[in-house]
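Peer 1: Oh and the sequence shown: position 209 is 209 in full-length UniProt numbering, straight run, nothing missing. Yeah, the Cβ is synthetic: ideal placement off N, Cα and C, and Gly gets one too. Bear in mind the structure is a predicted one, so any value in this text is a computation, not a measurement.
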Amino acid sequence: MTKEFNPPLPVGQKVNGEGARKIKVAYFYTIFRNAAMARWVRNITDNIDQSKYAVSFVGLNIEESFTREIPKDICVVNLGNSYIPTSLFKLIIYLRKERPDIFVAAFPHINVLAMMAKVLSGVKVKVILTDHNHFFGLVRNARSLYRRFFGVFILPHLMRIFYPLSDVVICASQGVAESILEVVKIPEKVKVIYYPVATDRIQEWAQEPVGHPWFLNSEIPVVLAAGRLLNQKDFPTLLRAFAMVVKTMSARLAILGEGKDRGKLEKLAEELGISDKVVFLGFQINPFKYMKRATVFVLSSLHEGFGNVLVEAMACGTPVISTDCKSGPSEIIDNGKSGILVPVGDYQSLSKAIIRVLSDASSRQHFSLEGVKRARYFSVEKNIKGYEDVFEQLMK
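Right, dumping it as C-alpha cells:
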C-alpha cells in the first residue's frame, strides 16, 4: 500500500517566473518512526531551497508515531513492505512512476537495494548513497547471527558491485568514509558531509520545563545518557562506571531511550546496588530539556557513525564525555578542550572522567563554553548547503 500526504506544490510549476521546473529529490529510508526521525525530516524541509527542490520521503514502512509529528504538506510515500526482496519490486514501480531526478538512500543494505532498483527500473535517476555508521562496527555488532553473517560475508560483495554504479557516496564522518573505502575502493565518489544538528532550534526546545524531580534539584548532580537500549550503546559499561562514581560522591544517572535490553540493564543496575540512583525515562520526544539541565552527558558506545547526541548536548551547554569509538566522537570532541574521550569499554577510565567533571566546576564551565562553540560547526544550514552543492553538480 502506498500512502501519500498532501505533496508540496506541483513539481512542474514555474520557478521565479523563468519556467524552470523544480528538481525532484526523494529520500529513501527503511522505516520512518518517532519524533527523532520527524526532526530529521523537518531539518531538511525547513532549510532546503524549496524554490529549486521538491522533496519527498520514501519508506518501506511509515509509522504513525512519525506521521503525527510532521506537517501535512510534507510528501511521504509508504511502500508498505519492510521485507527487502519483495520491496525491491515496489521500489522499481515507484521509480518508474515518479521518476525523481535525484534519489538519496541511507545505510549499506538499503543503498544496495536502491542501486538494484535503479538498474532494473531503467530510469535515468542520479543516485546518492549515504552511510551514517562505521561499517565494521555496524556489522560486527549486528543484533542477530544472520545479520552478522550477511554483513560480514555477503554485504561487502554486494557493495563492491553496486556502490561504484552510484553517482556519489556521502558519509556522515571521516571515520565512516574510511570504513567504506576499506570495503569499496571508490575514493573519487566519496564525500564527507557531517550530520546536521539544528543548534538554534535545540536551544529553543531546551527551554521547555522538565517534570522529573531529579532535574529540579541541582544539589545532587545528574549524569545523562541517551540512545536506544541496544548492545551498540554499551550501557553496561556506563552503569559499571557510575557504580564506581557513587562510591566517591553523590550522583544520579538518567537514561533516555527504549530498546530490547532495558530489562537486562535494569537488572544490572540492581546487581550493582545502584537501582535507587538510576532512572530509565524511556523515549522522550524532547531530550534537549533534559540535556540542558544535566550536569554532564555521557556517550558510552562501542561504535557510532557520527554521534549527533554529543553535538546536541554541547549545543545545550552541557559538558560531554564519550568513548573514543569508531567513528565520530574524536571528530566532534577536541579531547580536553571541548570534552573528554575515554577508551571504549573501559569503565574505570569513564568513572574517573565523570568524577572529574562532577567535582570541578571550572572544568564544567570550560567544557560548556567550548562545547557550545564547537556545536555551531555542525549546523543544519552547513549540512543542507553541502547536499545542495552535490545536487547542483549532479544536475549540470
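1. Okay, do the stretch 125 to 135 and the stretch 179 to 193 touch, 3+ Cβ pairs below 8 angstroms being the bar?
2. Please go through the same chain and pick out, in chain order, the residues whose beta-carbon is closer than 7 angstroms to the beta-carbon of THR45, but skip the five residues on each side of it.
3. Rounded to a whole number of angstroms, what is the C-alpha to C-alpha distance between VAL41 and GLN203?
4. Taking the continuous beta strand (DSSP E) assigned at GLY59, which residues delimit it?
5. By how many angstroms is the C-alpha of VAL125 removed from the C-alpha of THR237?
6. In this structure, does DSSP put ARG68 in helix, strand or coil?
7. Given the structure, does VAL372 come close to the ligand MG, in the sense that its CB is under 7 angstroms from one of the ligand's heavy atoms?
8. Tell whether a beta-carbon distance below 8 angstroms holds between ALA206 and CYS316.
9. Within this structure, are the beta carbons of ALA375 and VAL311 separated by less than 8 angstroms?
10. Based on the DSSP output, what are the partners of LYS24 in its beta bridges?
11. Taking C-alpha atoms, which residue in PRO196, VAL372, LEU120, PHE66 lies nearest to ALA38?
12. Per the DSSP calculation, THR323 is bridged to which residue(s)?
13. Could you tell me which whole alpha helix (DSSP H) segments of length 4 or greater appear in the stretch 144 to 228?
14. Look at the Cβ atom of VAL223, then the Cβ atom of TRP214, and state whether they are nearer than 8 angstroms.
15. How would you call VAL197, buried or exposed, if buried means at least 16 neighbouring beta carbons within 10 angstroms?
16. Taking ALA353 and ILE332 to be in contact with their CB atoms under 8 angstroms, please state how far apart those CB atoms are, rounded to whole angstroms.
17. Pull up the DSSP beta-bridge partners for ALA105, would you.
18. Take the Cβ of TYR83 as the centre, count every other Cβ of all protein chains shown within 10 Å, and call the residue buried at 16 or more, exposed below.
19. Using three-state DSSP, classify GLY19 as helix, strand or coil.
20. In or out: ASN335 buried (at least 16 other Cβ within 10 Å) or exposed?
21. Given a cut-off of 8 angstroms on the beta-carbon distance, is the pair MET249 and SER368 in contact?
22. Rounded to a whole number of angstroms, what is the C-alpha to C-alpha distance between LYS22 and PHE391?
23. Counting Cβ pairs closer than 8 angstroms, one from the stretch 289 to 307 and one from the stretch 164 to 174, do we hit at least three?
24. Check whether the stretch 341 to 348 and the stretch 288 to 297 touch, using three or more Cβ-Cβ pairs below 8 angstroms as the test.
25. With DSSP run on the structure shown, which of helix, strand or coil describes LEU302?
26. Assuming ARG148 contacts ARG140 (C-beta within less than 8 angstroms), just tell me the rounded distance between them.
27. On the criterion of 16 or more Cβ atoms from any shown chain inside 10 Å, does LEU216 qualify as buried, or is it exposed?
28. Have a look at PHE242 and GLU266 and give me their C-alpha separation to the nearest angstrom.
29. Hey, could you find the ends of the beta strand (DSSP E) ARG252 is sitting in?
30. Taking the DSSP output, what are the residues bridged to VAL279?
31. In its own chain, which residues sit with a C-beta less than 8 angstroms from the C-beta of ARG262, not counting the 5 before and 5 after it?
32. Could you check what DSSP says for ASN78 in three-state terms: helix, strand or coil?
33. Would ILE186 and PRO164 be called neighbours here (beta carbons separated by less than 8 angstroms)?
34. Tell me which residue opens and which closes the alpha helix (DSSP H) that MET291 is part of.
35. Can you round the beta-carbon distance between VAL77 and PHE57 to whole angstroms, since I take them to be within the 8 angstroms contact cut?
Peer 2: From the atom records:
1. Three or more pairs of CB atoms, one per stretch, sit closer than 8 angstroms, so the stretch 125 to 135 contacts the stretch 179 to 193.
2. These residues qualify, in order along the chain: VAL55, ILE74.
3. Inter-residue distance for VAL41 and GLN203 is about 19 angstroms (C-alpha atoms, whole angstroms).
4. GLY59 -> beta strand (DSSP E) spans 53 to 62.
5. If you take the alpha carbons of THR237 and VAL125, they lie about 45 angstroms apart.
6. Assigned with DSSP and collapsed to three states, ARG68 falls in coil, not helix or strand.
7. For the structure depicted, the ligand MG is absent and the ligand set is empty, with no information on it obtainable.
8. A Cβ-Cβ contact shorter than 8 angstroms links ALA206 with CYS316.
9. Result yes, Cβ atoms of ALA375 and VAL311 sit closer than 8 angstroms.
10. DSSP lists ALA54 as partners of LYS24.
11. Checking every option, the nearest Cα to that of ALA38 belongs to PHE66.
12. According to DSSP, which records beta bridges pairwise, THR323 is partnered with VAL342.
13. Within the stretch 144 to 228, the complete alpha helix (DSSP H) runs of at least 4 residues are 145 to 149, 155 to 162, 174 to 183, 199 to 205.
14. Their beta carbons are not under 8 angstroms apart, which means VAL223 does not touch TRP214 by this criterion.
15. Its Cβ being crowded by 16 or more others within 10 Å, VAL197 is buried.
16. The C-beta distance from ALA353 to ILE332 rounds to 16 angstroms, too long to fall under 8 angstroms, and the pair is not in contact.
17. Paired residue(s): PHE28, LEU129.
18. It counts as exposed.
19. No answer about GLY19 holds up, because its pLDDT of 46 lies below 50 and its placement is not dependable.
20. Around the C-beta of ASN335, fewer than 16 other C-beta atoms lie within 10 Å, and the residue is accordingly described as exposed.
21. No.
22. Using only the alpha carbons, I get a separation of about 12 angstroms.
23. Two segments are said to touch when three or more pairs of C-beta atoms, one from each, lie closer than 8 angstroms; by this definition the stretch 289 to 307 touches the stretch 164 to 174.
24. By the Cβ criterion, the stretch 341 to 348 is not in contact with the stretch 288 to 297, since fewer than three pairs of Cβ atoms, one from each stretch, lie closer than 8 angstroms.
25. Coil.
26. The pair is a contact, with the Cβ atoms about 7 angstroms apart (cut-off 8 angstroms).
27. If you draw a 10 Å sphere on the C-beta of LEU216, you find fewer than 16 other C-beta atoms in it, and that means exposed.
28. So the two alpha carbons sit approximately 14 angstroms from each other.
29. First-last of the beta strand (DSSP E) with ARG252: 252 to 256.
30. DSSP lists ALA254 as partners of VAL279.
31. Excluding sequence neighbours, ARG262 sits near LEU229, PHE280.
32. In the three-state scheme derived from DSSP, where H, G and I count as helix and E and B as strand, ASN78 is classed as strand.
33. The answer is yes: Cβ separation under 8 angstroms.
34. According to the DSSP assignment, MET291 belongs to the alpha helix (DSSP H) that extends over 288 to 293.
35. At roughly 7 angstroms, the Cβ-Cβ gap stays under 8 angstroms, so VAL77 and PHE57 are in contact.
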